[in-house]
Each structure stands twice: as structure tokens, then as C-alpha cells.
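Peer 1: Numbering (this note's numbering), first residue to last: 906 to 1290.
No residue lacks a Cβ here, since even glycine has one placed at the ideal position from N, Cα and C.
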């Protein structure tokens, strides 16, 4: 039986002190020789000045290094039949997806080939992965030749057992403000999940309205990867957790996305964790604790005074079940049953400037679409009383 190799990638300017879901999950994983190896990578921008980080190319260099760090960890520990688990939030989700893409393009470098030059081999593989020449596209002949020359033979099973993401942003994985000619090489080929991934899960933020932070979805491939993508109430920072200027968001939402991820992990099976699922359901229950938070009321509503070009509500797609009468199962967290943990609709309407959810409901009403399993729990009970 193979071992687990786990790489956890945190979001921009996040580190262990930020207490994001990535780091919280990292602390729950057991590190055990010959069974499970775990790496936590803090977010890009740690130790950088914000303005220089955006302008002078430090972001690109930092992204390059984070991706190579995660890939190198896999190369250092991998043996045939091992399972790879990748997790990430925000820019860390982008990093995790790039590591997956690099594994797809280049395979896993065989340490016995040029053992004294692993760093150079990783740089070579990264350069190959980032080359925009279509001749080096993942499905091109050059990719197969590279893997035959430097990497382990392709596994008969998907080598990435689980790809867990919290709110990847940007049409091609990066926020719009960093996309210029100098950054084009950093973009994803597309949003399709690589075929080497067996299970992919992503939690998305319904109420994020930063125009540069549009969702980067995970789209199904033709290879049978199990894809689960679910929309949660809340903004980007609440989906992945952590604090902004010492303010925390709605911790119920943060707990909800963490528990949702853990439940999917347990369903897949194989990851070594400290507690069982019932313990996690108690520890990270989204049904207890305050649902109101000052951060949203102040910072999210400030967006109402921004120029329109800086603000854009997200759009939840009308993805339907086989009957074509209901939203597909799990499109919305708890299939739209948000009353107990997150408050009635009028409460959330006040809390968030974004009207994404209201637009979805209007589209559903126009087209005669109902919540999955005909749920009716999102009714505003304060108006019924």
C-alpha cells in the first residue's frame, strides 16, 4: 500500500498566525514515516512590501518558488503507488493547481536520474511546464518524451488522490490586476481538472464582489474525475478563513467550508487525521457561535462607494439535476438550507453588499427552477411571523 504525500498551500500574506483553513487542516494531519509526509507552504508575499510585491515582479518570482517547493517535496518523497493530496486557499489554491498541472505535464522526476542535480532538474521541469509553446502542451508529444526521459512511468491510477481548494480566483487562476504581458506565462491553460486527479473539491464564495476576484472554477474532464464544487454564503476571506487587519469574518462560514472539506476527505478515505468525523462535526460545527461580524458590515459595504469597474457580483450558474427542474445536488451548500447557521435572507441581505444570491433566486423563479429536493428553508421567516 502506498503512502500519502500532502502539500498544503496558504493564501497571499497568510502564515500560521493567520489561522486559515489550510493551516487548521494541516495541524489535523498526522506526520508518520513510511505512511504520510506533509508540507505546509505559507502564502506568497510574506516578508514583502505590498506595493513592491505587486509592481516589481516579486509576486511572479514568489509564485514560481512556491510551486517548485511543492513539486520538489513530492519528488523527494514519492515512490510508485503513493497518493498525492493537494490543498490550497486563494493564491495557494492557484499554487496547488499549478503543482497538479506540472505533475500532468512533466510527471514526477525520478530521483535516481541525476541524483546530484535535483534542483536543476526541477528548474528544467518547471521551465517545460511554463513554456507556452503548443508543442509542449500536456497532450503534445514533447510532454510524453520529457516524462520518458526524466520521470517515473505514468501510474495506472490517478496520482493525485485529492485536490481540495478554497476559492481560486481569476479567470485563469490569478486576479485581474496582475495579468499583463509579463505574467501571461503564469495563467492556466484552462479551468479543466487534470486527468491525473481522482477527486477535486472547491468551496466558492457567493458574496465576493471584488471585480478582480472572479471565481476560477474547476471544470469536469472526460477522464472520470469526481468534481464537487459548492457555493457557500460569504466573501473570499470567510471561505478560506483567517483574519484581515485583526478582524475575522463570519467564523460559522469558515467552519462550514472546513467541515465540508473534511467530510469529503473522509468520504474518499486514506488521509491520516487526529480525530474521527463525528469529533470534527462537533469541533467545526457551523451551527453555533455568532453569525454577525463587524468586518463584513464595514469592509464589504465600503465597496458600495468604489467605482463600478472595481465591483462586480459573481454569478452562480443554473446547473440542474437530471430532471431539469431542480438545481443540481450540492451546487449550494446544504442545497440552499442556510437558515440555521447563517440567518434569514434579510439578515444576509443587510450583511453583504453583493446580491448574487438574490439574482440566482430571481433567475430560478423566472425559469421555474427550484432548490434541489424542493427545499424551502431559505424563506424569510421574519416576514412570516
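Do residue 1033 and residue 914 come within 8 Å of each other at the CB atom, strictly closer than that value?
Peer 2: For the purposes of this step, residue 914 is taken as residue 9 along the chain shown, with counting starting at 1. For the purposes of this step, residue 1033 is taken as residue 128 along the chain shown, with counting starting at 1. Contact: no.
Peer 1: The beta strand (DSSP E) spanning residue 918 covers which residue range?
Peer 2: Sequence index remark: in the chain shown, residue 918 carries index 13 (1-based). It is not in any beta strand (DSSP E) - residue 918 carries neither H nor E in the DSSP assignment.
Peer 1: For the alpha helix (DSSP H) containing residue 1010, name the first residue and the last one.
Peer 2: The residue labelled residue 1010 in the question sits at position 105 within the chain shown. Here the alpha helix (DSSP H) through residue 1010 covers 996-1011.
Peer 1: How big is the Cα-Cα spacing for residue 1274 and residue 944?
Peer 2: Position 369 of the chain shown holds residue 1274. Position 39 of the chain shown holds residue 944. Cα-Cα distance, rounded: 44 Å.
Peer 1: Tell me residue 1056's beta-bridge partners as DSSP assigns them.
Peer 2: For this step, residue 1056 is matched to residue 151 along the chain shown. Residue 1056 is bridged to 1014.
Peer 1: Buried or exposed for residue 1170, please, with buried defined as at least 16 other CB atoms from any protein chain shown within 10 angstroms of its CB.
Peer 2: Residue mapping note: residue 1170 aligns to position 265 of the chain shown, counting from 1. Burial call: buried.
Peer 1: How about residue 987 and residue 908: are their beta carbons less than 8 Å apart?
Peer 2: Counting from one through the chain shown, the residue named residue 987 turns up at place 82. Counting from one through the chain shown, the residue named residue 908 turns up at place 3. Yes, these two residues count as a Cβ contact at 8 Å.
Peer 1: In the DSSP assignment, what are the bridge partners of residue 1232?
Peer 2: Here residue 1232 is taken as the residue at index 327 of the chain shown, counted from 1. Note: residue 1232 sits in a beta bridge opposite 1225.
Peer 1: Give the secondary structure of residue 1063 by DSSP, where H, G and I count as helix, E and B as strand, and everything else as coil.
Peer 2: As a first step, residue 1063 is located in the chain shown; it is residue number 158 there, counting from the start. Here residue 1063 sits in coil by DSSP.
Peer 1: When the Cα of residue 1118 is compared with those of 1126, 1072, 1176 and 1143, which residue comes out closest?
Peer 2: Here residue 1118 refers to the residue found at position 213 when the chain shown is read from its first residue. Checked all of 1126, 1072, 1176 and 1143; the closest Cα to residue 1118 is 1072.
Peer 1: Compare the beta carbon distance of residue 1238 and residue 1161 with 8 Å and say whether it is the shorter of the two.
Peer 2: Sequence index remark: in the chain shown, residue 1238 carries index 333 (1-based). Sequence index remark: in the chain shown, residue 1161 carries index 256 (1-based). Yes; because the gap between Cβ atoms is below 8 Å, this pair is in contact.
Peer 1: Using CA coordinates, which residue listed in 1022, 1015 and 1223 is at the minimum distance from residue 1053?
Peer 2: On the chain shown, residue 1053 is found 148 positions in, with the first residue counted as 1. It is 1015.
Peer 1: What are the uninterrupted segments assigned as beta strand (DSSP E) that are 3 or more residues long and contained completely in the segment 1132-1167, given in chain order?
Peer 2: Segments of the beta strand (DSSP E) lying fully in the segment 1132-1167: there are none.
Peer 1: Put residue 1173 into one of helix, strand or coil per three-state DSSP.
Peer 2: To locate residue 1173, count along the chain shown from 1; it is residue 268. Reduced to three states, the DSSP call for residue 1173 is helix.
Peer 1: In or out: residue 1174 buried (at least 16 other Cβ within 10 Å) or exposed?
Peer 2: Looking up residue 1174 in the chain shown gives position 269. Label assigned to residue 1174: exposed.
Peer 1: Quick one: Cα of residue 961 to Cα of residue 967, how far?
Peer 2: By one-based count along the chain shown, residue 961 stands at place 56. By one-based count along the chain shown, residue 967 stands at place 62. Only weak support is given to the placement of residue 961: the predicted model assigns it a pLDDT of 45, under 50, and the value that follows is read from those uncertain coordinates. Distance between the alpha carbons of residue 961 and residue 967: 11 Å.
Peer 1: Which one of 1001, 979, 1247 and 950 has the shortest CA to CA distance from residue 1154?
Peer 2: Looking up residue 1154 in the chain shown gives position 249. Of the candidates 1001, 979, 1247 and 950, the one whose C-alpha sits nearest the C-alpha of residue 1154 is 1247.
Peer 1: Quick one: grab the DSSP three-state call for residue 1237.
Peer 2: Residue 1237 sits at position 332 when you count from the first residue of the chain shown. Strand, per DSSP.
Peer 1: Suppose you measure from the CA of residue 1191 to the CA of residue 1029; what does that come to, to the nearest Å?
Peer 2: By one-based count along the chain shown, residue 1191 stands at place 286. By one-based count along the chain shown, residue 1029 stands at place 124. So the two alpha carbons sit approximately 45 Å from each other.
Peer 1: Classify residue 942 as helix, strand or coil using the three-state DSSP reduction.
Peer 2: Residue numbering aside, residue 942 sits at position 37 when the chain shown is read from its first letter. In this structure, residue 942 counts as strand in the three-state DSSP scheme.
Peer 1: So what's residue 975 in DSSP terms, helix, strand or just coil?
Peer 2: The count along the chain shown starts at 1 and reaches residue 975 at position 70. Correct three-state label for residue 975: helix.
Peer 1: Could you check the C-alpha separation between residue 973 and residue 1027 for me, to the nearest Å?
Peer 2: Walking along the chain shown from the start, residue 973 turns up at place 68. Walking along the chain shown from the start, residue 1027 turns up at place 122. For residue 973 and residue 1027, the distance between alpha carbons rounds to 7 Å.
Peer 1: Report the residue from 1037, 1013 and 1123 whose alpha carbon sits nearest the alpha carbon of residue 1109.
Peer 2: Locating residue 1109 in the chain shown gives position 204, where the first residue counts as 1. When each option's Cα is compared against that of residue 1109, the closest is 1123.
Peer 1: Please name the residue in 939, 1193, 1062 and 1168 whose C-alpha comes closest to that of residue 1182.
Peer 2: Here the question's residue 1182 lines up with position 277 in the chain shown. Considering only alpha carbons, the answer is 1168.
Peer 1: Starting from residue 1071, follow its DSSP beta bridges and name the residues at the other end.
Peer 2: The residue you call residue 1071 lines up with position 166 of the chain shown. BP columns for residue 1071 point to 994 and 1108.
Peer 1: Can you name the residues that DSSP bridges to residue 1216?
Peer 2: Within the chain shown, the letter at position 311 stands for residue 1216. For residue 1216, which the question treats as bridged, DSSP gives the partners 1115.
Peer 1: Leaving out the 5 sequence neighbours to the left and right, which residues in its chain are closer than 6 Å to residue 1215 when beta-carbon positions are compared?
Peer 2: For the purposes of this step, residue 1215 is taken as the residue at position 310 of the chain shown. Cβ neighbours of residue 1215 beyond the five flanking positions: 1116.
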